[in-house]
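In the numbering used here, the protein residues as written are 138 to 395.
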């Protein structure tokens, strides 16, 4: 190899490695910028996350909620009874939406009174099946049945249905009730009645748990009843019950001999 070719080869190699080094440095710089950007983004998100405010419902707002549900039962019976069951059970809308007629069984009390148990598949983040059973009386069950019978007869449709709450009979389609539509209807009624909080169907769950708290149920009992994974959310959002507050007050005074 002559000297010219040798130097040309060396120059080409130097240019190649220099370009490779520049590209590598560029990638390092871009990664550094990306890491800083992600770090700042995460920091901002953490700063923007505010702790959930404790939720309290007054007797006045509770009456207003019940009034809106009763009004909805008159104007749209199926939707009204759907929200009513959320109120007396504390179920989520998506949980009640999935309840099928086959999930319901008749139950008789010792006094002979007829009830119906409803198996509700609790919505959980974990990939496990968790069933919670709720109870309604025969009058409530019959009213739900009548509402559906009237609805389907008005549309000249077969009154048999798959779901506990159902308005459509589409072939080859899932006929679960539209809870978004119900939620909008209920929210509009709340707003018209002067309710200021931006809530809808989940308000029924809030009221159910608040009533349990005020009746003296502790967080562990509510956790077991509602199938929560922990008492964290119950304690943080709903606070102590009146009974627990009074008990804490008396214990403190007794301990300090005041």
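C-beta atoms are modelled at their ideal positions from N, C-alpha and C, and glycine is treated no differently.
The beta carbon of residue 326 sits closer than 7 Å to the beta carbons of 205, 208, 209 from its chain, once the five residues preceding and following it are set aside; these are given in chain order. Per the C-alpha coordinates, the member of 237, 271, 258 positioned closest to residue 252 is 271. Inter-residue distance for residue 214 and residue 367 is about 35 Å (C-alpha atoms, whole angstroms).
Listed as beta-bridge partners of residue 243 by DSSP are 253. Secondary structure within the stretch 299 to 328: not one fully enclosed beta strand (DSSP E) run of 3 or more consecutive residues is present.
Counted as a single uninterrupted DSSP element, the beta strand (DSSP E) harbouring residue 274 occupies residues 268 to 274. When secondary structure is reduced to three states using DSSP, residue 258 falls in the strand class.
Secondary structure note for residue 224: its alpha helix (DSSP H) is the uninterrupted segment 214 to 226. Within a 10 Å sphere around the beta-carbon of residue 284 sit 16 or more other beta-carbons, which makes this residue buried. Straight through space, the alpha carbons of residue 347 and residue 359 are spaced by roughly 10 Å.
Rounded to whole angstroms, residue 274 and residue 288 show a C-alpha spacing of 22 Å. Rounded to the nearest whole angstrom, the C-alpha separation of residue 269 and residue 306 is 28 Å. Ranked by Cα distance from residue 280, the options 319, 176, 221, 320 are led by 221.
At the C-beta level, residue 341 and residue 194 stay beyond 8 Å of one another. 8 Å or more divides the Cβ of residue 294 from the Cβ of residue 238. Taking the Cα positions, residue 196 is about 38 Å away from residue 291. Residue 237 is bridged by DSSP to 300. The residue from 218, 235, 277, 248 with its alpha-carbon nearest to that of residue 257 is 235.
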